[in-house]
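Here the structure comes first, spelled out in structure tokens, and everything after it is commentary.
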Amino acid sequence: MTIEKIRNKISRQLESGKSFGLVVPNKAYAKALIKGIIETSDIQDALVIEPDTNIGIDEIRTVVEFLDFSPKGETKKVILYDADKMTQEAANAFLKTLEEPPSYAIIILVTSRWFSLLPTIRSRLQKLHAQLLIDPDLDEFERYLVYWNYDFLENLKGKNYSILSEEELLETDEINESSVELDVIMSLKQILEQYLSKDLSAYVRFISQLSKKSNIKFLRLVAKIVAWLIYKDTTLSENEKIKYLRICDDILKSKIANFNYQLTYYTLLLGLRGDNL
1 MTIEKIRNKI SRQLESGKSF GLVVPNKAYA KALIKGIIET SDIQDALVIE
51 PDTNIGIDEI RTVVEFLDFS PKGETKKVIL YDADKMTQEA ANAFLKTLEE
101 PPSYAIIILV TSRWFSLLPT IRSRLQKLHA QLLIDPDLDE FERYLVYWNY
151 DFLENLKGKN YSILSEEELL ETDEINESSV ELDVIMSLKQ ILEQYLSKDL
201 SAYVRFISQL SKKSNIKFLR LVAKIVAWLI YKDTTLSENE KIKYLRICDD
251 ILKSKIANFN YQLTYYTLLL GLRGDNL
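Position one of the sequence shown corresponds to residue 1 (the UniProt record's numbering), numbered consecutively onward.
Next comes the structure, spelled out in structure tokens:
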């Protein structure tokens, strides 16, 4: 099934006067699906909420106000990305609208963490699950990356990424484009794999340099790669894997970038050494 067929299948299930929960592997894939749905309607009748951190009460008020007025066309569509980042206050304010949307409204809450939504929110949504089909020519790590971020697909298929030197990697601060993000990911993985076979003193020196980067986007990339390396490590016990995978997951799903960066880097990266410490 192609992405067009999946998009059409979802479109056929959308009905006015109802609220939906679109469960996706990642936001980039959701955007690829929803792009066609939004393009078919008057842009003035569409509201997209995409939070940098949380979805708060102000965003929900914006939605309610948007739905107070009839559409210029047939329907009004509201898309809330990262719906699992909704605060308790915002969720409580949204319940009535989700349960009884205007007859002309279609509300779609997008999440990759369905069970992170409050039960009171989930109970008011019709759940839609979007399957992700991944190119079989990609290797296991590449498929893992596409499942994380659909925007990587074409560049991975064409091998359109650069392996940065350690110095270039440490100097990278701006990670606003998927191409730069992919360069950093592939470089980090290769450099970490190389350091895992070096002596501990060299590894700790690298961690010391890396831990100076107080950039939440960079830390999340490190956490994603560490999660992969820990998952694939046959020398770690199941309990050790679970311990460090939970740390990685906490970083990836954190709503607020409030970390002791140095401690977090040392905890994650020393954990990769396992019994080799």
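We put the beta carbon where it would ideally sit given N, CA and C, even for glycine. Please read all numbers here as calculations on a predicted model, not as lab measurements.
Would you tell me roughly how many angstroms separate the C-alpha atoms of residue i and residue j, rounded to the nearest one?
i: K212; j: F66; result: 44 angstroms
i: F152; j: S254; result: 22 angstroms
i: D52; j: E59; result: 12 angstroms
i: E174; j: I216; result: 11 angstroms
i: K240; j: K18; result: In the sequence under discussion, the amino acid at residue 240 is Glu, which differs from the Lys named in the question. So the alpha carbons of these two residues sit roughly 44 angstroms apart.
i: Y265; j: M86; result: 28 angstroms
i: K77; j: L128; result: 16 angstroms
i: T235; j: W228; result: 14 angstroms
i: N276; j: R246; result: Its pLDDT being 45, under 50, N276 is placed unreliably by the model, and nothing is read from it.
i: S208; j: T75; result: 54 angstroms
i: L47; j: N8; result: 20 angstroms
i: K35; j: T172; result: 31 angstroms
i: I134; j: Y261; result: 34 angstroms
i: V63; j: D233; result: 46 angstroms
i: Y29; j: F69; result: 30 angstroms
i: L196; j: I242; result: 20 angstroms
i: C248; j: E238; result: 15 angstroms
i: L138; j: V226; result: 20 angstroms
i: R61; j: A93; result: 8 angstroms
Our contact map puts residue i next to residue j with C-beta atoms below 8 angstroms; I'd like the distance itself, whole angstroms only.
i: D84; j: L117; result: 6 angstroms
i: I49; j: I43; result: So it is not a contact: roughly 15 angstroms between Cβ atoms.
i: Y244; j: L268; result: 7 angstroms
i: L6; j: Q131; result: The displayed chain sequence assigns Ile, not Leu, to residue 6. Their Cβ separation, rounded to whole angstroms, is 6 angstroms, which keeps I6 and Q131 in contact under 8 angstroms.
i: G21; j: L109; result: 5 angstroms
i: residue 344; j: S179; result: No information on residue 344 is available, as it lies outside the stretch 1 to 277 that the chain covers here.
i: Y104; j: S16; result: 6 angstroms
i: N26; j: Y150; result: 6 angstroms
i: I230; j: L272; result: 7 angstroms
Can you tell me whether residue i is helix, strand or coil according to DSSP?
i: L80; result: strand
i: Q126; result: strand
i: S208; result: helix
i: P117; result: According to the sequence provided, residue 117 is Leu. The question's Pro does not apply to it. L117 falls in the coil class under three-state DSSP.
i: I107; result: strand
i: K72; result: coil
i: I49; result: strand
i: G21; result: strand
i: I163; result: coil
i: D275; result: Here D275 scores only 46 on pLDDT, less than 50, and its place in the model should not be relied on; the value that follows carries that caveat. In this structure, D275 counts as helix in the three-state DSSP scheme.
i: I55; result: strand
Less than 8 angstroms between the beta carbons of residue i and residue j, yes or no?
i: W114; j: K224; result: no
i: T120; j: A90; result: no
i: L221; j: E181; result: yes
i: L210; j: D183; result: no
i: E166; j: I191; result: yes
i: L33; j: I3; result: yes
i: V24; j: S112; result: yes
i: I107; j: L98; result: yes
Any chance you could list the alpha helix (DSSP H) runs of at least 4 consecutive residues sitting entirely within the segment 193-264, in chain order?
Inside the segment 193-264, DSSP marks whole alpha helix (DSSP H) runs of 4 or more residues at positions 200-210, 216-232, 238-253, from first to last along the chain.
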